[in-house]
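Residue numbers (the working numbering): 2 to 134.
Shown next, in the form of structure tokens:
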């Protein structure tokens with residue numbers, strides 16, 4: 002049995018705090034080894050990228066920028082629908098090791114079971130209008 006963690010906040014805290022809280026719970030409280038954790042961020046989310054790499058210390062080879070899919074949408078941009086609250090996401094993955102089939106997040110082989118998403122942090126920083134803005 003597995004239940005993935007996820008969160009978003011409406012004004013109580015934002016990216017820096019959310020990322021630090023997630024890391025603290027996963028590493029300090031639950032005791033997951035930091036070298037088994039991989040991260041994705043939305044391709045244009047410089048804030049989340051900098052927090053993960055500069056403050057948390059995720060190595061550059063374990064963080065991936067995920068862009069939009071052909072035809073629209075992204076695994077790292079959350080939206081309720083065509084209008085309303087939306088924003089970039091950052092996801093945390095656990096690496097089960099090389100004995101399990103699958104490639105890192107964002108790779109052509111990502112559909113295997115080696116890297117399992119364990120947390121999705123959604124940053125609701127936009128409100129999309131009917132005209133797409």
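All residues carry an ideal CB built from backbone N, CA and C; glycine is no exception. The structure displayed is predicted, hence computed values, not measured ones.
Check for me: the alpha helix (DSSP H) holding residue i runs from which residue to which?
i          : result
residue 51 : 47-51
residue 17 : 16-24
Take residue i and list the residues in its own chain whose beta-carbon comes closer than 7 angstroms to its own, dropping the five residues that flank it on each side.
i           : result
residue 110 : 103, 104
residue 119 : 5, 6, 93, 94, 95
residue 75  : 43, 67, 68, 69
Would residue i and residue j be called neighbours here (beta carbons separated by less than 8 angstroms)?
i           : j           : result
residue 116 : residue 33  : no
residue 44  : residue 67  : yes
residue 86  : residue 128 : yes
residue 106 : residue 53  : no
residue 81  : residue 9   : no
Can you tell me where the beta strand (DSSP E) holding residue i begins and where it ends?
i           : result
residue 63  : Taken as a continuous stretch (DSSP letters only), residue 63 belongs to no beta strand (DSSP E), as it is neither H nor E.
residue 3   : Premise fails: residue 3 is in no beta strand (DSSP E) and is neither H nor E.
residue 129 : 127-129
With a CB to CB cut of under 6 angstroms and the five nearest residues on each side skipped, what residues in its chain are close to residue i?
i          : result
residue 90 : 77, 79, 121, 123
residue 36 : none
residue 46 : 89
residue 48 : 16
residue 57 : 24
In whole angstroms, what separates the C-alpha of residue i from that of residue j?
i           : j           : result
residue 50  : residue 61  : 10 angstroms
residue 101 : residue 134 : 42 angstroms
residue 26  : residue 130 : 35 angstroms
residue 83  : residue 132 : 9 angstroms
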